[in-house]
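Those protein sequence lines, which keep their order, are chains Z and H.
Our numbering applies: residue 1 is where the first sequence begins, and numbers increase by one.
Our numbering applies: residue 1 is where the second sequence begins, and numbers increase by one.
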Amino acid sequence: MASIALAAPAPQARRGFSTLLKRKHSVLPGFSLALGYSVIYLALVVLIPLAAVFLKSSTLGWEGFWNATTQPRVLASFKLSFGASLIAAAINVVFGLIFAWVLVRYRFPGKRLIDALIDLPFALPTAVAGIALATLYANNGWVGSVLAPLGVEVAYTPLGVLVALVFIGLPFVVRTVQPVLEDLEAEVEEAAACLGANRWQTFSKVIVPYLTPALLTGFALAFARAVGEYGSVIFIAGNMPMVSEIMPLMIITKLEQYDYAGATAIAVVMLIASFVLLLLINVLQAWTQRSHQRI
Amino acid sequence: MAGSAAQSIARSWFSAPDVSRRRLATSEPFWVRAVLIALALAFFGLFLLLPLAAVFAEAFKKGWSAYAAGVVHPDALAAIKLTLLVAATAVPLNLVFGVAAAWAIAKFEFRGKQLLTTLIDLPFSVSPVISGLIYILLFGAQGWFGPLLETYDVKIVFAVPGIVLATVFVTFPFVARELIPLMQAQGSDEEEASVVLGASGWTTFRTVTLPNIKWGLLYGVILCNARAMGEFGAVSVVSGHIRGLTNTLPLQVEILYNEYNFVAAFAVASLLALLALLTLGVKSFIEWRTARAGSGGNSGQQNQFIERGQP
């Protein structure tokens with residue numbers, strides 16, 4: 001872009017706003033209006049409110065922040081949220097790959113329905129998913145009544161949290177892996193077979209490495225979503241202090257006690273975690289695209 | 001024999017494309033295919049189909065009249081009205097923003113474009129609860145603007161404006177995210193031709209750009225709408241749960257459920273489940289339509305749904 005700007009400098013002097021930002025001349029109108037409106041709206045709706053969280057937490061001071069985030073109950077919620085999200089994302093990677101695989105490669109009855117309904121966890125409001133899962137896995141529910149005689153209790157335990165997080169995370173992996181798998185050329189696998197690889201070797205040495213960036217991206221997306229998830233979890237979790245309280249619930253609990261500073265401190269921890277994840281996801285997606293182009 | 005007949009039917013059903021008769025080196029043995037498909041179907045049934053079925057089964061547990069009573073209860077009707085109002089405010093706001101942002105980002109080259117694109121996605125990586133918390137910190141009684149709002153007797157949190165703000169925040173990226181890659185893929189040659197031939201900017205947008213992006217726009221709007229009507233966490237923090245006044249449909253579901261009024265809770269929830277099914281239906285239709293038309297920029301459409309988050 002720099003070379004374009006050097007080779008073809010804007011023919012006339014632009015107004016201040018555009019000179020600052022605009023590198024390439026265009027005949028199209030509306031740049032200042034569209035960009036100005038977008039930036040102001042973004043600042044008002046997203047950036048300034050988010051900045052409020054960090055400013056509010058800075059009033060706590062370092063010690064206050066440390067005290068607010070290291071209370072045993074808060075630490076227990078960190079452990080549950082991050083732990084359950086990690087396990088859920090791992091389960092989603094396994095089943096997400098299976099779904100992507102059968103949807104791309106096989107033909108079977110109900111395939112189109114499954115393909116359309118994979119996105120259900122995105123489309124179904126979380127509160128609805130929450131009460132449905134809680135009812136299913138309660139001891140008298142359809143699934144719970146089968147599991148209860150086996151001594152497995154899901155609803156109102158950390159296991160329930162895991163079930164809800166698996167539910168909401170699945171589409172992230174499927175929809176990240178599916179298009180990448182669709183683009184994998186048959187020649188690559190044929191070459192592996194010609195060179196004497198059996199099917200399992202082709203899968204583990206050729207296909208899995210090719211899919212790794214997409215699988216990791218799906219994992220990170222599912223994990224990021226799971227850490228912040230609220231609606232689908234709280235109904236099935238039981239919300240027992242130290243046992244099945246998730247981080248977002250801790251924020252609500254603090255707010256209900258009018259402990260705004262404490263709520264903000266937890267929010268800051270979560271925000272930093274999600275910004276780190278966002279960065280990681282961007283890096284992974286760039287990697288996915290590169291390995292996509294390579295084959 | 002019956003067994004082998006069943007097996008051959010099964011073979012033709014659960015077959016990989018083009019390999020119904022003989023196995024190629026690039027396909028898996030029959031039993032692997034069958035096991036993988038069975039695993040997928042089992043997981044699908046347990047985690048996706050059962051919850052959906054449970055919503056309707058519980059809603060109709062005590063018959064049609066109990067269901068209807070749950071839906072037409074004055075509190076439920078007030079929640080429906082509020083939900084429609086919130087969506088009708090938040091969706092157009094984010095629609096205008098999405099079009100403006102996509103126009104600036106897709107049609108022009110400027111410094112900071114990548115940063116702007118990343119910042120637009122920010123609300124998707126923020127927990128819904130935090131999306132509500134930020135407005136409490138700004139407009140709550142102890143918030144930055146709290147004293148000012150109190151002086152003028154304006155209520156934002158624990159009132160409708162707060163619900164709208166939180167909804168605008170969580171649905172912020174939907175339309176922009178849909179339009180930016182689509183409009184980037186389409187380039188700006190057609191618009192430039194139109195402007196050079198003397199059309200005004202507005203005419204160019206209306207007659208050249210809009211017909212090109214209409215399906216992408218609709219796609220973004222239905223996802224935005226589904227999330228706006230179904231948002232729970234963010235709205236729950238700022239609403240204050242005042243019956244008949246600040247309860248949206250998802251909050252009404254929560255209240256009824258916590259009161260052990262399960263039939264009514266699931267009856268209201270079934271409305272939201274229908275909305276979700278409708279959204280998926282329209283989404284599938286648009287994907288089918290754009291895939292058939294083969295117009296540019298929709299190849300990654302399914303994939304983009306991912307980063308867009310959900311209710």
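The C-beta atom is built at its ideal place from N, Cα and C for all residues, glycine as well.
Item to complete: Spatial neighbours of H/I255 within its chain, please: CB distance less than 6 Å, with the 5 preceding and 5 following residues excluded, ordered by chain position.
Response: For the purposes of this step, residue 255 of chain H is taken as residue 255 along the second sequence, with counting starting at 1. Once the five neighbours on either side are set aside, H/I255 has no close Cβ partner at all.
Worksheet item: Exposed or buried, Z/N140, counting other C-beta atoms within 10 Å across all chains shown (16 or more means buried)?
Response: Taking the first sequence and counting its residues from 1, one reaches residue 140 of chain Z at position 140. Flag for Z/N140 reads exposed.
Worksheet entry | Proximal chain H residues relative to Z/R290, where beta-carbon distance stays under 9 Å | As a first step, residue 290 of chain Z is located in the first sequence; it is residue number 290 there, counting from the start. By Cβ distance, chain H contributes nothing, its closest Cβ being about 15 Å from Z/R290, past 9 Å.
Discussion item. Taking its Cβ as the centre, do 16 or more other Cβ atoms sit within 10 Å of Z/R199, making it buried, or is it exposed?
Written reply: Within the first sequence, the letter at position 199 stands for residue 199 of chain Z. Counting Cβ neighbours within 10 Å, Z/R199 comes out buried, since at least 16 surround it.
Item to complete: Could you pull the start and end residues of the alpha helix (DSSP H) that H/R177 belongs to?
Response: If you number the second sequence from 1, residue 177 of chain H lands on position 177. Note, H/R177: alpha helix (DSSP H), F174 to Q186.
Practice prompt. Provide the residue span of the alpha helix (DSSP H) that contains Z/N239, from first to last.
Written response: Position 239 of the first sequence, counted from the first residue, corresponds to residue 239 of chain Z. That residue, Z/N239, is in no alpha helix (DSSP H); it is neither H nor E in DSSP.
Worksheet item: Just by C-beta distance, which residues in the region 175–206 of chain Z are closer than 7 Å to chain H?
Response: R175, T176, Q178, P179, A186, E189, E190, A193 and R199
Worksheet item: What's the call for H/W202, buried or exposed, on a 16-neighbour Cβ count within 10 Å?
Response: Working through the second sequence from its first residue, we reach residue 202 of chain H at position 202. It is exposed - the Cβ of H/W202 has fewer than 16 other Cβ atoms within 10 Å.
Discussion item. Under 8 Å, Cβ to Cβ, is there at least one residue of chain C near H/P250?
Written reply: Chain labels in this structure do not include chain C; the protein chains are Z and H.
Item to complete: Please state whether DSSP places Z/P213 in a helix, a strand or coil.
Response: For this step, residue 213 of chain Z is matched to residue 213 along the first sequence. Helix.
Worksheet entry | Counted within 10 angstroms of its Cβ, other Cβ atoms place Z/N92 as buried (16 or more) or exposed | Position 92 of the first sequence, counted from the start, is the residue given in the question as residue 92 of chain Z. Of the other Cβ atoms in all chains shown, 16 or more fall within 10 Å of the Cβ of Z/N92; this residue is therefore buried.
Worksheet entry | Inter-residue Cα distance where the pair is H/L274 and Z/W62 | Your numbering for residue 274 of chain H matches position 274 in the second sequence. Your numbering for residue 62 of chain Z matches position 62 in the first sequence. About 48 Å.
Worksheet item: With DSSP run on the structure shown, which of helix, strand or coil describes H/T26?
Response: Sequence index remark: in the second sequence, residue 26 of chain H carries index 26 (1-based). Three-state result, H/T26: coil.
Fill in: Which listed residue (Z/D119, Z/Y260, Z/V276 and Z/T157) has its alpha carbon closest to that of Z/T64
Sequence index remark: in the first sequence, residue 64 of chain Z carries index 64 (1-based). Per the sequence shown, residue 64 of chain Z should be read as Gly rather than Thr. That would be Z/Y260, whose Cα lies nearest to the Cα of Z/G64.
Item to complete: Could you tell me which chain H residues have their CB closer than 7 Å to the CB of Z/T135, listed as they occur along the chain?
Response: Sequence index remark: in the first sequence, residue 135 of chain Z carries index 135 (1-based). Within 7 Å Cβ-Cβ: A54 and E58.
Discussion item. Here's a check: name, in chain order, each residue in its chain whose Cβ is nearer than 6 Å to the Cβ of H/L389, leaving out the five neighbours to either side.
Written reply: Not covered by the structure: residue 389 of chain H. The range shown for chain H is 1 to 311.
Discussion item. Suppose the cutoff is 6 Å on Cβ atoms and the five residues either side in sequence are ignored; what does the same chain contact list for Z/Q285 look like?
Written reply: By 1-based counting over the first sequence, the position of residue 285 of chain Z is 285. Closer than 6 Å at Cβ, skipping near neighbours: T217.
Worksheet entry | 7 Å Cβ cut-off: residues of chain Z touching H/V71 | On the second sequence, residue 71 of chain H is found 71 positions in, with the first residue counted as 1. Within 7 Å Cβ-Cβ: nothing; H/V71 doesn't reach chain Z, min ~14 Å.
Item to complete: Below 7 Å CB to CB, which residues in the same chain sit around H/F117 once its five sequence neighbours on both sides are set aside?
Response: As a working mapping, residue 117 of chain H is identified with position 117 in the second sequence. Here residue 117 of chain H is Thr; the residue named in the question, Phe, does not match the sequence. Hits under 7 Å: I105 and I180.
Worksheet item: Any idea if Z/L165 is buried or exposed, counting beta-carbon neighbours within 10 angstroms, 16 or more meaning buried?
Response: Start at 1 with the first residue of the first sequence, and residue 165 of chain Z comes out as number 165. Buried is the call here.
Practice prompt. Could you list the residues in the region 61–91 of chain H with a C-beta less than 9 Å from some C-beta on chain Z, going in chain order?
Written response: none
Discussion item. Can you check which of these residues, Z/N67, Z/W66, Z/L277 and Z/K111, is closest to Z/F82 by C-alpha distance?
Written reply: Translated into the one-based positions of the first sequence, residue 82 of chain Z becomes position 82. Ranking the options by Cα distance to Z/F82, first place goes to Z/L277.
Fill in: Per-residue DSSP class, three states only, for H/R289
Residue mapping note: residue 289 of chain H aligns to position 289 of the second sequence, counting from 1. Correct three-state label for H/R289: helix.
Discussion item. When you compare the CB of Z/A129 with every CB in chain H, is at least one pair closer than 8 Å?
Written reply: Numbered from 1 along the first sequence, position 129 holds the residue referred to as residue 129 of chain Z. Z/A129 counts as touching chain H.
Item to complete: Find the nearest neighbour of Z/L211 within the set Z/M250, Z/I236, Z/E229 and Z/W101, judged by alpha-carbon distance.
Response: Numbered from its first residue, the first sequence carries residue 211 of chain Z at position 211. The candidate whose alpha carbon is nearest that of Z/L211 is Z/W101.
Item to complete: Under the assumption that H/V170 contacts H/S131 (Cβ atoms under 8 Å), give the Cβ distance between them as a whole number of angstroms.
Response: As a position in the second sequence, residue 170 of chain H is number 170, starting the count at 1. As a position in the second sequence, residue 131 of chain H is number 131, starting the count at 1. Here H/V170 really is in contact with H/S131; their C-beta atoms are around 5 Å apart, less than 8 Å.
Worksheet entry | H/R21 in three-state terms, based on DSSP | Here residue 21 of chain H corresponds to residue number 21 of the second sequence, with the count starting at 1. Summary for H/R21: the model assigns pLDDT 46, below 50, so the residue's position carries little reliability, and this model does not support an answer.
Worksheet item: Does the distance from the CB of Z/T264 to the CB of Z/V53 come in under 8 Å?
Response: Translated into positions along the first sequence, residue 264 of chain Z becomes position 264. Translated into positions along the first sequence, residue 53 of chain Z becomes position 53. Closer than 8 Å, so yes.
Worksheet entry | Nearest-angstrom Cα separation, counted from H/R206 out to H/R292 | Within the second sequence, residue 292 of chain H is the residue found at index 292, counting from 1. Within the second sequence, residue 206 of chain H is the residue found at index 206, counting from 1. Spanning the two alpha carbons is a distance of roughly 24 Å.
Item to complete: Can you say whether Z/L195 is buried or exposed, counting buried as having 16 or more other CB atoms within 10 angstroms of its CB?
Response: One-based indexing of the first sequence puts residue 195 of chain Z at position 195. By the neighbour-count rule (16 or more Cβ atoms within 10 Å), Z/L195 is not buried but exposed.
Worksheet entry | Alpha-carbon to alpha-carbon, Z/P29 and H/V196 | Residue 196 of chain H sits at position 196 when you count from the first residue of the second sequence. Residue 29 of chain Z sits at position 29 when you count from the first residue of the first sequence. Roughly 11 Å between the two C-alpha positions.
Discussion item. Please state whether the Cβ-Cβ distance between Z/Y230 and Z/P248 is less than 8 Å.
Written reply: Along the first sequence, one-based indexing puts residue 230 of chain Z at 230. Along the first sequence, one-based indexing puts residue 248 of chain Z at 248. Closer than 8 Å, so yes.
Fill in: Distance, H/G143 Cα to H/A265 Cα
For the purposes of this step, residue 265 of chain H is identified with residue 265 of the second sequence, where counting begins at 1. For the purposes of this step, residue 143 of chain H is identified with residue 143 of the second sequence, where counting begins at 1. Going from the Cα of H/A265 to the Cα of H/G143 covers about 34 Å.
Worksheet item: Does the beta-carbon distance from H/L82 to H/T279 come in below 8 Å?
Response: Along the second sequence, one-based indexing puts residue 82 of chain H at 82. Along the second sequence, one-based indexing puts residue 279 of chain H at 279. Contact: no.
Fill in: Secondary structure of Z/R290, DSSP reduced to three states
In the first sequence, counting from the first residue as 1, residue 290 of chain Z sits at position 290. It is helical.
Worksheet item: What does a CB cutoff of less than 7 Å around Z/A148 pick up in its chain, not counting 5 residues either side in sequence?
Response: Counted from its first residue, the first sequence places residue 148 of chain Z at position 148. Closer than 7 Å at Cβ, skipping near neighbours: N139.
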